[in-house]
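One structure below.
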Amino acid sequence: WALYEQVFISALDCGRLEAADACLVQLSRQFPNSQRIRRYEAMRLEAEDNLDAATEIYKKMYETDKLDSLSRKRLVAVLKARGRSVEAIKELTSYLKDFCTDFEAWLELSELYLNECDYKKAAFCMEELILSNPHHHLYHQRYAEIKYTEGTTESMELAKSYFAQAVRLNPNNMRALFGLLLAAGNCASSTNKSSTSASRRESARLAQWAAAQVAERYRAAGSKAAKFTTSNSSNSSDAASSDVATLALQLSLCCSPTAAAGDASSPSQGQQQPASNPPML
Amino acid sequence: IVYTKIVVMSQFLVEPLAVAKIVLHACKYPHTAVNGVLLAEKPSPDSSNSSSKPIVICNTVPLFHSNLNLAPMLEAALMQIEATYKNYAIVGYYQANELLNDASPEGVGAHIYQKIAENSPLPRSLYILVDNKAIDRKCSTIPLIYYQRKEAGQSQKLERLPNSAVAIDDEEDCLETLANLLVRQAYRSLVDFDNHLDDIGLDWTNSRLAEQIRN
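Protein chains in written order, with the UniProt record's numbering: chain A, 1 to 281; chain B, 1 to 215.
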């Protein structure tokens, strides 16, 4: 019967409503008067785009059983499908007050906040996730990305630390390595009065280390690709990987003269980010 | 490129490779938003900067299918693109929204487009929004909507371009190729930058797919 449920949900995903109906009929015969089946009926209505009727069913289910977390989450999904993200956020926050250990929900809320460009609250959601699961490198990396996007000097420093932590937890996380390279580069060429020359030198060293790691990974990938592909494409991937390797090293070299000189101006800033989209909001 | 009357009068000319990659990218991830940038050849320094000729968008780079709003990976991607495609410039941005009915170009995508438009060496930049509702197997029309920024400077408004302003090179052939690709599920072999970051062995320039499409 679990298989029937899975096929039902997959059929809804693919838009095969007849197959979904067939499964639903079998399931409701086997389990009459079941809450779960009622929820599946509501999901079927959602798939037809009959969102009003689906919302009605979910609301009724929530009224009869206050502990029904799944129907509350479906309600949030319906609001999201309607494009009403502010209401979806409100509903999800009240859900999380009752069920604060639901990690998927925190992740979803973080994404909803990001769509609204509310970086502080999105970061808060990620903080909850990191608290619950401090060894998960992806949470650290996502938190660092949010902080980087915020763009202030303090948040950039935080981003650098969290990217570093993500790399420590998983040295193969390319996003964390790239993030570390960029964040440390930004910190190294920061013109903010609060950053000392020592901290800038430290950031520059970090950026160089990250660049070396990236270069190494690309060289390894280039040689791996060469083994499996024809000569044409292996040339291109080799070229591509060496391109990136040189780019990474160039970026890191940009940081060191600035930090070594210890002066406030950052001539490398323009060269470092040729098409940068820094604090754009 | 056949310079028919329609092509000469339009502001942009989009090549079939670009159209195909955009639609394939959207089809590969139907459940999330996807985005990417548009490439055109860099103008040679001695050519007259005539704004009357249509700008030819010859290729695209599919970027992300998750967390489109986050900056660091976007910066890393743009840097790599600039380093790899030395003879091409980033002249536009495309996006396919998450919701089926959402046909609005506003949001973070618009900000990214504005930055691209400011840094582009060519006089005009294009924002392509995928019309989610218009994608179908039969490929009777090109499922794209075009926008451009109203004027340079402070204004953040995007104005919709009429279909006549953007020509597709050899439109019928393009539609046929697209239908073929969708039937063969060619989108499975498309690699976007997110895929590349997950496994750097994957080629985000999609050179193999480009060969397939050209033939």
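Backbone N, C-alpha and C fix where the C-beta goes; we use that ideal spot for every residue, glycine too.
Since this is a predicted model, take the numbers as computed values, not measurements.
query, result
"Supposed close pair Ala188(A), Ala198(A) - CB separation, criterion 8 Å", "In fact, because the Cβ distance is near 11 Å, the residues do not count as touching under 8 Å."
"Stretch-stretch touch, CB-based, cutoff 8 Å, three pairs: the segment 160 to 180 of chain B with the segment 195 to 207 of chain B", "no"
"Exposure of Lys28(B), with buried meaning 16 or more beta-carbon neighbours within 10 Å", "buried"
"Contact set between Ile200(B) and chain C, taken where Cβ atoms lie within less than 7 Å", "Looking for chain C here will not work: the only protein chains present are A and B."
"Alpha-carbon spacing of Arg208(B) relative to Leu27(A), whole angstroms", "46 Å"
"Partners in chain A for Asn35(B), counting only beta-carbon separations shorter than 7 Å", "Going along chain A, no residue has its Cβ under 7 Å from Asn35(B), so there is no contact; the nearest lies around 12 Å."
"CB contact check: Val183(B) to chain A, cutoff 8 Å", "no"
"Own chain residues within Cβ distance below 7 Å of Val209(A), not counting five before or after", "Inspection of the sequence shows that residue 209(A) is occupied by Trp rather than by Val. Nothing listed; no residue qualifies."
"Exposure of Trp204(B), with buried meaning 16 or more beta-carbon neighbours within 10 Å", "buried"
"Contact test: Ser155(A) Cβ vs the ligand NAP heavy atom, cutoff 7 Å", "The ligand NAP is not among the ligands present in this structure, which contains no ligands whatsoever."
"Alpha carbon of Glu127(A) to alpha carbon of Tyr143(A), nearest angstrom", "7 Å"
"Residue closest to Ala22(A), alpha-carbon to alpha-carbon, out of Gln35(A), Arg44(A), Ser34(A)", "Arg44(A)"
"Spatial neighbours of Tyr85(B) in its chain, beta-carbon cut-off 7 Å, leaving aside the 5 residues before and after", "Leu39"
"Chain A contact for Ala186(B) (CB, 8 Å cutoff)", "no"
"Own chain residues within Cβ distance below 6 Å of Leu92(A), not counting five before or after", "Val76, Leu109"
"Buried versus exposed, by CB contacts within 10 Å (16 or more), Phe178(A)", "buried"
"Residue span of the beta strand (DSSP E) that contains Asn35(B), given as start and end", "34 to 41"
"Under 7 Å from the C-beta of Ala81(A): neighbouring residues of chain B", "Leu99"
"Within-8 Å CB hit, residue 221(B) to chain A", "Here chain B comprises residues numbered 1 to 215, so residue 221(B) is not present and cannot be evaluated."
"Close beta carbons around Ala167(B), own chain, < 6 Å, minus the five adjacent residues each side", "Ile6, Val7, Ser10, Leu13"
"Residues, ordered as in the chain, of the segment 136 to 147 of chain A that lie near chain B by beta-carbon distance below 9 Å", "Arg142, Ala144, Glu145, Ile146"
"Lys227(A), DSSP secondary structure in three states", "The pLDDT assigned to Lys227(A) is 49, lower than 50, so where the model puts this residue is not dependable, and the model offers no usable value."
"Where Leu182(A) meets chain B, residues with beta-carbon distance less than 7 Å", "Pro72, Glu75, Ala76"
"8 Å Cβ cutoff, Glu127(A) in contact with chain B", "no"
"Residue-level contact to chain A via CB, Val191(B), 8 Å cutoff", "no"
"Residues that DSSP places opposite Arg149(B) in a beta bridge", "Leu158(B)"
"Cβ-Cβ distance between Val34(B) and Ala96(B) below 8 Å", "yes"
"Contact set between Glu185(A) and chain B, taken where Cβ atoms lie within less than 8 Å", "Reading off the sequence, residue 185(A) comes out as Gly, not Glu. Residues of chain B passing the Cβ test: none, with the nearest at roughly 10 Å."
"Proximal residues, the segment 91 to 118 of chain A versus chain B, C-beta separation under 8 Å", "Glu111, Leu114, Asn115, Cys117"
"For Leu109(A), three-class secondary structure by DSSP", "helix"
"Neighbour flag for Val108(B) against chain A, beta carbons, 8 Å", "yes"
"Cys117(A) to Leu182(A) span [Cα, whole Å]", "21 Å"
"For Ile55(B) and Asp170(B), the rounded distance between their alpha carbons", "16 Å"
"Beta-carbon gap between Lys21(B) and Asn206(B) smaller than 8 Å", "yes"
"For Gln95(B), three-class secondary structure by DSSP", "strand"
"N- and C-terminal bounds of the beta strand (DSSP E) containing Asn59(B)", "55 to 64"
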